[in-house]
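Residue numbers (my numbering), protein chains in the order written: chain A, 6 to 277; chain B, 333 to 610.
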């Protein structure tokens, strides 16, 4: 059976591991080729270990194992020029991009907050998303065959959760900001049949959440622990659950879905 | 292999339009179907409603896909009749996994002009009927012990106000409240509950003289063509299309019904060409 994304190319940020790698694999399973970028380096204010070049190499290996092509580049979403260069090189190799997943994100949440967290999380989680769409937009419009963009927000993009540290406030502010970006892009790009939506995960079983620093942080404040309690009897959801939501959103099955905030949150937001 | 192999879906308003499309789309993915429809005219509805022949055509098309279907004529306002129809369907097909509360009517009139009859018929079908559908289904879903997925059909009129049909807007907003509460009540049983919110869909419910007059009162009746009205409808959407097709709603319902959305509950999912974001 032909895949749902046969002949399409997807640009994915934060693709070295976690949700981003899962998206790359799920889309490749459905026939898409992948342009993958990831910082593959540590940011000082982030207490948990971030992705490495080896992680990105593993994403490449996994996609190639599916007989799909992948162009992987180490690039920082905060650096628009570097991101543009990565995108352009990917398009030169794989062809016109149909799908953009702005997935790269950090969670500088720890027991030892520093003021710089605010700027770092805004730069990566909001400005980085803006850069991701901006570098892809002109060629998608010029391509003239529409497209689908999914921005990864969070339950913290629709509710005031995340705590009172600079990083926590910045995380919630950035994830809310992503919704505003999505709504503006959805309206602007509709005439080109380019659809733009957000997804809003609850806690996902990835290295960003499942690490000693994050667990200590969440357990330090009962309110924050509560913030992770789902309605469905599941503690965490898996990366593939987000990938399946994204796959639906970017496929022709959702050809008229745009401007939508789609929670994949085990009923968390509705329970609040 | 289908995405709903081995599952059974209960669909109201299944004789034609979105309901028939849902039945076919889910049957294509392996589901057996319990279909109900009122298949007669209701007094306050100005366009022609579905007929027994329409329901028979749904049966024919599902069976042509080699799936089983139990179809019954029932009014969603009549809880006893609805429950009997579903109980018979479950007895024959063996289980219940998916519920699509799709049956709905449309009529119009400014709030101060709506008759009590029009208000009550609208709330009866489009809100109470949805509650009846869930109420009849929940014991079967729980008894199965496999979780389940309930999809309630709301509307863009369940998200924002529109002039000239306050009763429809009220019912469709009410469906959201029902969904939010059912999602909480049923979460411990892994039964998910979500709403879909279509913009205009290319079915008989909008392609009729009454709705054309409502959206193009300035045009002479002979000028109210499908094309002319398409331009009016398109102004409501962000994407450059006049309306969506029934299968677009079916594809959303299918995703919500499938295991691909196993942790999605309590969600309002617009399929609205950007209409509510515009």
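Beta carbons are placed, not taken as given, at the ideal position from N, Cα and C, and that holds for glycine.
In the DSSP annotation of this structure, the continuous segment of the alpha helix (DSSP H) that includes residue 246 of chain A starts and ends at 244-255.
Distances from the alpha-carbon of residue 427 of chain B to those of B/406, B/446, B/479 put B/479 closest.
A straight-line Cα-Cα distance of about 43 Å links residue 159 of chain A and residue 377 of chain B. Taking all protein chains in view, the Cβ of residue 406 of chain B is crowded by 16 or more other Cβ atoms within 10 Å, so the residue is classified as buried. At a cut-off of 8 Å, the C-beta of residue 474 of chain B has no neighbouring C-beta in chain A. Between the C-alpha atoms of residue 199 of chain A and residue 145 of chain A there is a straight-line separation of about 8 Å. Proximity of residue 237 of chain A to chain B, defined by a Cβ-Cβ separation below 8 Å, is satisfied. The alpha-carbon separation between residue 395 of chain B and residue 39 of chain A amounts to approximately 41 Å. Taking the Cα positions, residue 393 of chain B is about 20 Å away from residue 589 of chain B. Judged by DSSP secondary structure, residue 79 of chain A falls within the beta strand (DSSP E) whose first and last residues are 75-79.
Taking a Cβ-Cβ threshold of 7 Å, the residues of chain B close to residue 272 of chain A are 515, 519, 597, 598, in chain order.
Note that the C-beta distance between residue 437 of chain B and residue 457 of chain B is below 8 Å. Look at residue 437 of chain B here: in three-state DSSP terms it is coil, with no helix or strand label. The beta carbon of residue 432 of chain B sits no closer than 8 Å to any beta carbon of chain A. For residue 72 of chain A, the three-state secondary structure derived from DSSP is coil.
Less than 8 Å separates the beta-carbon of residue 353 of chain B from that of residue 578 of chain B. Taking the CA atoms as reference points, residue 178 of chain A sits about 18 Å from residue 137 of chain A.
In the structure shown, the three-state DSSP call for residue 537 of chain B is coil. Residues of chain A whose Cβ lies closer than 8 Å to the Cβ of residue 470 of chain B do not exist; the shortest such Cβ separation is about 16 Å. Going by DSSP, residue 600 of chain B is part of no alpha helix (DSSP H) but of the beta strand (DSSP E) stretching over 600-603. If you look at residue 152 of chain A, you'll find it in the beta strand (DSSP E) that goes 152-157. Two segments are said to touch when three or more pairs of C-beta atoms, one from each, lie closer than 8 Å; by this definition the region 147-156 of chain A touches the region 199-217 of chain A. Fewer than three beta-carbon pairs drawn from the region 338-350 of chain B and the region 207-225 of chain A are found closer than 8 Å, and the two stretches are therefore not classed as touching. For the C-beta of residue 587 of chain B, the chain A residues within less than 9 Å are, from N- to C-terminus, 249, 250, 253, 258, 259.
Beta-bridge annotation (DSSP): residue 340 of chain B is paired with B/364.
Annotated as distal: residue 469 of chain B and residue 531 of chain B, with beta-carbon spacing of 8 Å or more. Between residue 183 of chain A and residue 131 of chain A, the C-beta spacing is below 8 Å.
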